[in-house]
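*Asks:* 286 is the number that the numbering used here gives the last residue of the sequence shown; the numbers go up by one with no jumps.
Note that beta-carbon positions come from the ideal geometry of N, C-alpha and C, so glycine has one too.
Mind having a look at this structure? Questions to follow.
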Amino acid sequence: MDDKAYTLQYDLKKSPKVEVLTEQAIARLRKHEPEDGYYLAFSGGKDSMVIYDLAVRAGVRFDAHFHQTTVDPPEVLRFIREHYPDVAWTKPKRSMFQMIVDHGTPPTRIIRYCCSELKELHGSGRVVVLGVRWAESARRRNRPVYGESTRRAGTYFLSPIVDWTTADVWDYILSRNLPYCSLYDEGKTRIGCIMCPMQGPRGMLDDARRYPKFYRAYLGAFRRMLAGRKTPFPCGSTAEEVMQWWTGQRFDSETIQTNLLEVSE
């Protein structure tokens, strides 16, 4: 069941399971509260809304931060401004488009430099509260509730809803009558960067049609990327060909994987 269908079918009855999960998550927040308060990573999506609300209910100290990527959906930006005015906004040192030029390749499911630079390098030396969940992906199933970063000594991560399902998240949001971004009611199951490769070709093409200015900006970045490379790009010689490859329209899956490996070497 997608998020839109779930919100339409929800009957606003309190879920006993979510009541238990809520108590558990609040206990986790209280248990690990640092002296300087939490650094709460806020994206405007359903999971970060839940951890924000839980932190408020837990009575713990925290400051919430939204890390702009320069390719954030306008609907998300409006939602955060309207409903979470206390969240601090952090601008990146480089835009997504400049990163594409500098790295010589667009970000992919394999080459995720954008996540590393735009989302994962903040809150150093603090306890960062995240809305990640085991149910989201296989990569996240080994994430502990609380632990130190393997890449940044002295930085800790707390994931208070790591064992929640998507249904649990929506049960919580709707039982609490929390406002949420309109994109969910339009069928989006995850809210993230415009044309993010993690959503697959269909989602990328939907974004291209919905946000033509961003589509054209990506094409411009591909042109500058090609002009700045010392070696030919293995997945296209023009910006349009790179776009076709990037959105899964130009090669079959086997060829795409081969070219991805060539780019990453």
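Nearest by alpha-carbon distance to Leu42: which of Tyr105, Phe87, Trp191 and Cys135 is it?
*Replies:* For the residues Tyr105, Phe87, Trp191 and Cys135, the minimum Cα distance to Leu42 belongs to Trp191.
*Asks:* Any idea what DSSP makes of Trp267, helix, strand or coil?
*Replies:* Residue state, collapsed to three classes: helix.
*Asks:* So, helix, strand or coil for Pro37, using DSSP?
*Replies:* In the structure shown, Pro37 sits in a helix (DSSP, three-state: H, G or I).
*Asks:* Kindly indicate the opening and closing residues of the alpha helix (DSSP H) around Val81.
*Replies:* No alpha helix (DSSP H) contains Val81, which DSSP labels as neither H nor E.
*Asks:* Helix, strand or coil: which one does DSSP assign to Gly224?
*Replies:* Residue state, collapsed to three classes: helix.
*Asks:* Who does Val149 pair with in a DSSP beta bridge?
*Replies:* Tyr60 and Phe178, per the DSSP bridge assignment.
*Asks:* Taking C-beta to C-beta, are Thr176 and Arg223 nearer than 8 Å?
*Replies:* The answer is no: Cβ separation not under 8 Å.
*Asks:* What is the rounded straight-line gap between the Cα of Asp184 and the Cα of Phe87?
*Replies:* Approximately 23 Å between the Cα atoms of the pair.
*Asks:* Does chain B have any CB closer than 8 Å to the CB of Met117?
*Replies:* Protein chain content of the structure displayed is limited to a single chain, and chain B is not contained in it.
*Asks:* Identify every residue that forms a DSSP beta bridge with Thr252.
*Replies:* Per DSSP, none; premise fails for Thr252.
*Asks:* Could you name the residues of the same chain whose beta carbon sits closer than 6 Å to that of Gln220, not counting the 5 residues immediately before and after it, in chain order?
*Replies:* So the list is empty, once near-sequence residues are dropped.
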